[in-house]
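Q: Dropping a structure here in structure tokens format, bear with me for questions.
In the working numbering, the protein residues as written are 50 to 347.
Written as structure tokens, this is what we have:
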């Protein structure tokens, strides 16, 4: 095997490799990098020639990393971190900052918080691209694997490697279409209604049902969806009711009537979570400050 000249490897090739590794697909990697599939394939072929390893092989309809690719992925992440830190060191200027910043969040935050975040990025850091990843429940994996740099969530992960900052509190309220039905006046009235709920994963966990179960009570869930975005279209014009965070009245649930929740649900606190490796990065500090500043207005 020929000796590898490390000077033949540049940061773009390493980022391309890491993106393909994380996406498990040339097509999805091309979409994420905003390049053509042929550009990704060409870059991989160049890296294969340099490293003398296939890196990825076909597996069914997708691709899977070789043993060599699996062994080098953490080193690649470390090199890219060092390159990113070097580019930011002592030269932080918002007007000239480029690249991509990835934030993990569910669709509650898209219109509520991230719309204004993106608006500020457009004016203050016009060369910086924002990538929003649907976070679901497992924020820790997104941060550890560096698929995103910041996660907005009510779930605080365990582990000293993560840092957190409180953004805002919210109360649960009952939403309903006031042209079709009325607000439930008591818990018993609430339990007789047809309900809509959000469940983010195949494991059907919902705080309302957990509270009712502890009281030996049960409600009929007539509609279950995996996110907030599609809920208004499905609920409008029906007698369905849904207990959700009140801040949704400012975004997806703006056309619905709102009343106090008959179920005693504690306040929900939202945090921004990040990995400690990013704590001192100038761009990361600016982004956290921006997110918190906008969250204070919710």
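Each residue gets a CB set at the ideal place from its N, CA and C atoms; glycine is no exception.
Hey, is the stretch 187-203 in contact with the stretch 150-164, meaning 3+ C-beta pairs nearer than 8 Å?
A: yes
Q: Let me know if residue 147 comes out buried or exposed under the rule of 16 or more other beta-carbons within 10 Å of its beta-carbon.
A: Taking the first residue of the chain shown as position 1, residue 147 is located at position 98. It is exposed - the Cβ of residue 147 has fewer than 16 other Cβ atoms within 10 Å.
Q: Please list the terminal residues of the continuous beta strand (DSSP E) segment that includes residue 238.
A: As a working note, residue 238 is residue 189 in the chain shown. Counting along the chain, residue 238 falls outside any beta strand (DSSP E), though it belongs to the alpha helix (DSSP H) covering 236-241.
Q: Taking DSSP as the reference, what is the three-state secondary structure of residue 230?
A: As a position in the chain shown, residue 230 is number 181, starting the count at 1. Correct three-state label for residue 230: coil.
Q: Could you check the C-alpha separation between residue 160 and residue 97 for me, to the nearest Å?
A: Walking along the chain shown from the start, residue 160 turns up at place 111. Walking along the chain shown from the start, residue 97 turns up at place 48. Roughly 42 Å separates the two Cα atoms.
Q: Under DSSP, the alpha helix (DSSP H) around residue 91 begins and ends at which residues?
A: Within the chain shown, the letter at position 42 stands for residue 91. Note, residue 91: alpha helix (DSSP H), 86-100.
Q: For residue 112, tell me which candidate among 129, 124 and 90 has the shortest Cα-Cα distance.
A: In the chain shown, residue 112 corresponds to position 63, counting from 1. For residue 112, the closest of 129, 124 and 90 by C-alpha to C-alpha distance is 90.
Q: Buried or exposed: residue 156, going by 16 or more other Cβ atoms within 10 Å of its Cβ?
A: Position 107 of the chain shown, counted from the start, is the residue given in the question as residue 156. By the 10 Å Cβ count, residue 156 comes out buried.
Q: By the three-class DSSP mapping on this structure, what secondary structure does residue 60 have?
A: If you number the chain shown from 1, residue 60 lands on position 11. Looking at residue 60 - three-state DSSP - the assignment turns out to be helix.
Q: Using a Cβ-based criterion (distance less than 7 Å to any ligand heavy atom), does residue 61 qualify as near the ligand NAP?
A: Summarising the ligand content, the structure contains no ligands, and the ligand NAP is consequently not present.
Q: Measuring alpha carbon to alpha carbon, tell me which of 336, 330 and 335 ends up nearest residue 135.
A: Within the chain shown, the letter at position 86 stands for residue 135. It is 330.
Q: Confirm, please, whether the CB-CB distance from residue 169 to residue 339 is below 8 Å.
A: Within the chain shown, numbered from 1, the residue matching residue 339 stands at position 290. Within the chain shown, numbered from 1, the residue matching residue 169 stands at position 120. In contact: residue 339 and residue 169 (Cβ atoms closer than 8 Å).
Q: Look at the Cβ atom of residue 290, then the Cβ atom of residue 244, and state whether they are nearer than 8 Å.
A: As a working mapping, residue 290 is identified with position 241 in the chain shown. As a working mapping, residue 244 is identified with position 195 in the chain shown. The answer is yes: Cβ separation under 8 Å.
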